[in-house]
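A.B. asks: I have a structure here, written as structure tokens, and I will follow up with some questions on it.
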């Protein structure tokens, strides 16, 4: 049983599905006061974006962390990842007509930036 749970926890597909469902569900909730199908469209857009960002965030932090030294190695990679994610999220949601863009991206951006910061810190320990 524990082996199966570990296998699921390590599965990229599980991580992508979780990101899609959790953040897509949040987007539906954040836009619930608007007429259908706006909340569902926002949820689908955010779910797809979150899955894609989940897929690429680790690679981006890995690449950026090699470019900085000293204290900049701790703050620059997550900041750059956050700014890039913000730009992508705002642009795609604006193009898709999401009514509540700020509410829609607040939680996904907080989660992805927290992950980027913690992951970056964990890999930068020996390079400061």
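Numbering (our numbering), first residue to last: 15 to 142.
Cβ coordinates follow ideal geometry from the N, Cα and C atoms, glycine included.
Excluding the five sequence neighbours on either side, which residues of its own chain have a C-beta within less than 8 Å of the C-beta of residue 104, listed in chain order?
C.D. replies: Excluding sequence neighbours, residue 104 sits near 115 and 119.
A.B. asks: So, is residue 85 buried or exposed, given that buried needs 16 or more other C-beta atoms within 10 angstroms?
C.D. replies: Residue 85 should be labelled exposed.
A.B. asks: On the DSSP letters alone, give me the boundaries of the alpha helix (DSSP H) that residue 131 sits inside.
C.D. replies: Where residue 131 is concerned, the enclosing alpha helix (DSSP H) stretches over 115-138.
A.B. asks: Contact check, residue 17 vs residue 34 under 8 Å by CB: the rounded distance?
C.D. replies: Actually they are not in contact, since the Cβ atoms of residue 17 and residue 34 sit about 25 Å apart, beyond 8 Å.
A.B. asks: Runs of 4 residues minimum, wholly inside the segment 45-84: which ones carry the alpha helix (DSSP H) assignment?
C.D. replies: 52-79, all fully within the segment 45-84.
A.B. asks: Would you check if there are 3 or more beta carbon pairs closer than 8 Å linking the segment 25-44 to the segment 58-75?
C.D. replies: These segments touch.
A.B. asks: Do you know offhand how far residue 43's Cα is from residue 90's?
C.D. replies: Roughly 32 Å separates the two Cα atoms.
A.B. asks: Can you tell me whether residue 108 is buried or exposed, with buried defined as 16 or more other CB within 10 angstroms of its CB?
C.D. replies: Exposed, because fewer than 16 other Cβ atoms sit within 10 Å of the Cβ of residue 108.
A.B. asks: How about residue 130 and residue 71: are their beta carbons less than 8 Å apart?
C.D. replies: Their beta carbons are under 8 Å apart, which means residue 130 touches residue 71 by this criterion.
A.B. asks: Report, in whole angstroms, the separation of the C-beta atoms of residue 99 and residue 126, which I expect to be a contact under 8 Å.
C.D. replies: So it is a contact: roughly 6 Å between Cβ atoms.
A.B. asks: Determine the closest residue to residue 117 out of 137, 48 and 77, with distance taken between C-alpha atoms.
C.D. replies: Per the Cα distances, 48.
A.B. asks: Output the distance between the C-alpha atoms of residue 66 and residue 30, rounded to the nearest integer angstrom.
C.D. replies: Residue 66 and residue 30: Cα-Cα distance of roughly 8 Å.
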